[in-house]
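For the first sequence, the UniProt record's numbering assigns the number 1 to the initial residue and increments by one for each residue that follows.
Here is the structure we will look at.
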Amino acid sequence: MQEVELRKGPWLEEEDEKLASAVAVLGDRRWDALAKSSGLRRSGKSCRLRWMNYLRPNLKHGNISAEEERVIIELHTKWGNKWSRIARKLPGRTDNEIKNYYRSHLKKKALSLEKECNSSTMNTSLRSECGTGSPCSINDDRRFLINDDILGPSDDYYSSDHAFEMLSLTRSPYETRLTEWMSTWPPDELYNQEWNYDDCSNSVWDFSLWDGE
DNA sequence: AAAAGTATCAACCGCCTCGTA
DNA sequence: CTACGAGGCGGTTGATACTTT
């Protein structure tokens, strides 16, 4: 049997359509079988990635909001580079998107915060809020992440307004709604609830929040 | 206006885990 | 129990867009 050479690189619109049709019929499992039977000259892995990161329903394309950014920061502080785990807490966002966003936006922000934290001109009270009063020690990906003294106890979303201010973030109307909505949750529920797009109708996530702007 | 530098993000790679035969 | 394949995950790459010089 001659192997069909698999395509790589950016997906064409036509391929997206084929993939979406195949998933509609076969479901989003058994990617290798789906890739073959759909006629796509793509690997199952490639199909899965395209579907998960771009085509599947309820994905929220576009800018990460300040509130989402805040959640990313907090969860990264708590869990490190567990992007898929973090993504499950952000409706409509993918692990890849969060990973990219963190690397391109937040890491930089963190480094500048560290620099500020370690600078000799930094006022004493701010430094004391950073931690023990001594310069930040940042050794790995988790380093930047601002310890719990800034962000508040890691299990408590609602005590993080201070960190939000320190990072110079602002809230959009959506973010305000989301914050208000999240504030109605008991803290445990926030961390225990995971977004599952298969189960949107039963999910605690309220997708109507996204549509208000 | 053009070249160089930087940022962004889609997609790939390779490893790991888990289910199944 | 073991081997194997599929899926999931995090790290990395490379093309393109954007910004700076």
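Ideal Cβ placement from N, Cα and C applies to all residues, glycine included.
Buried or exposed by the 16-neighbour rule on C-beta atoms within 10 Å, applied to residue i
i	result
H61	exposed
N139	Confidence in N139 is poor, its pLDDT being 35 and thus under 50, which makes the residue's placement unreliable; the coordinate value appears in the next sentence. Exposed: under 16 other Cβ atoms inside 10 Å.
E17	exposed
K89	buried
S21	exposed
E13	exposed
T170	Here the model assigns T170 a pLDDT of 40, short of 50, so the residue's position is not dependable, and the following value carries that caveat. Classification for T170: exposed.
R70	buried
8 Å Cβ cutoff met for residue i and residue j
i	j	result
W51	V23	yes
C47	L34	yes
W79	I98	no
Extent of the continuous alpha helix (DSSP H) to which residue i belongs
i	result
D32	31-38
R100	In the sequence under discussion, the amino acid at residue 100 is Asn, which differs from the Arg named in the question. Taken as a continuous stretch (DSSP letters only), the alpha helix (DSSP H) holding N100 covers 95-101.
E14	13-26
I72	66-79
K89	Segment: none, K89 is in no alpha helix (DSSP H) and carries neither H nor E.
Rounded distance between the beta-carbons of residue j and residue i, thought under 8 Å
i	j	result
N53	N96	5 Å
T77	A87	About 16 Å separates the two Cβ atoms, so there is no contact after all.
R56	R7	That belief does not hold up - the Cβ atoms of R56 and R7 are roughly 20 Å apart, past 8 Å.
L19	I72	Contact flag wrong, Cβ pair sits at about 28 Å.
W31	G44	3 Å
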